[in-house]
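S.K.:
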Amino acid sequence: MILVDAGPLVALIDRGEQDHERCVATLSNLSAPMVTTWPAFTEAMYLLGSAGGWKAQEALWKLLDRGDLELVPLDDALRDRTQALMAKYRDIPMDLADATLVAAAEALGLTRVFTLDRDFQVYRLRGKRKFEVIP
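The numbers in numbering that gives the first Met the number 0 rise by one with no breaks, and the one at position 78 of the sequence shown is 77.
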């Protein structure tokens with residue numbers, strides 16, 4: 000399982016994105032399914048709506064339908080950890096989608112993240128361990 004941020008989801012679908020080819024190449028080298036959070040999914044859906052309308056948004060839904068993408072439920076523990084992370088990284092600042100991704104990574108024991116966001120070079124899992132950022 001690999002954690003995926005909104006940026007690569009958009010780039011995988013929108014051929015006009017500058018990172019499209021790089022993200023497609025990265026995806027072809029991944030053996031595990033992608034997992035994301037509702038806030039990251041929502042962000043990608045919004046960006047795809049602006050870029051390609053319903054057709055692009057439908058492609059994102061199809062990733063879910065096919066099982067290529069899974070959503071992490073936002074339970075109370077994940078919500079509480081998300082809030083704590085946003086407070087900790089408030090000087091960056093950490094947005095909601097990133098905070099849920101870090102909290103989900105901690106909860107699921109994941110260390111690899113498929114992202115175009117440089118902030119994941121700064122974020123630490125439980126304050127200690129670095130993410131392996133892909134691509």
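Think of the CB as a built atom: it goes at the ideal place given N, C-alpha and C, for glycine as much as any other residue.
DSSP beta-bridge partners for residue 113?
M.R.: DSSP output for residue 113 lists 3 and 133 as bridge partner(s).
S.K.: Answer with buried or exposed for residue 72, where buried requires no fewer than 16 other C-beta atoms within 10 angstroms of its C-beta.
M.R.: The residue is exposed, with fewer than 16 neighbouring Cβ atoms inside 10 Å.
S.K.: Should residue 83 and residue 36 be called a contact, given that it needs their Cβ atoms to be closer than 8 Å?
M.R.: Cβ atoms of residue 83 and residue 36: not closer than 8 Å.
S.K.: Is the region 23 to 31 in contact with the region 39 to 52, if contact means three or more CB pairs nearer than 8 Å?
M.R.: No, the region 23 to 31 does not touch the region 39 to 52.
S.K.: Would you kindly report the start and end of the unbroken alpha helix (DSSP H) that includes residue 23?
M.R.: Taken as a continuous stretch (DSSP letters only), the alpha helix (DSSP H) holding residue 23 covers 19 to 27.
S.K.: Compare the Cα-Cα distances from residue 134 to each of 12, 15, 19 and 14 and report the closest residue.
M.R.: Closest option to residue 134, Cα to Cα, is 19.
S.K.: According to the neighbour-count rule (16 or more other Cβ atoms, all chains shown, within 10 Å of its Cβ), is residue 70 buried or exposed?
M.R.: Per the 10 Å Cβ criterion, exposed.
S.K.: By Cβ distance, which residues of its chain are closer than 6 Å to residue 62, with the 5 residues on each side in sequence left out?
M.R.: So the list reads 68, once near-sequence residues are dropped.
S.K.: State yes or no: is the C-beta of residue 0 within less than 8 Å of the C-beta of residue 31?
M.R.: For residue 0 and residue 31, yes; Cβs fall inside 8 Å.
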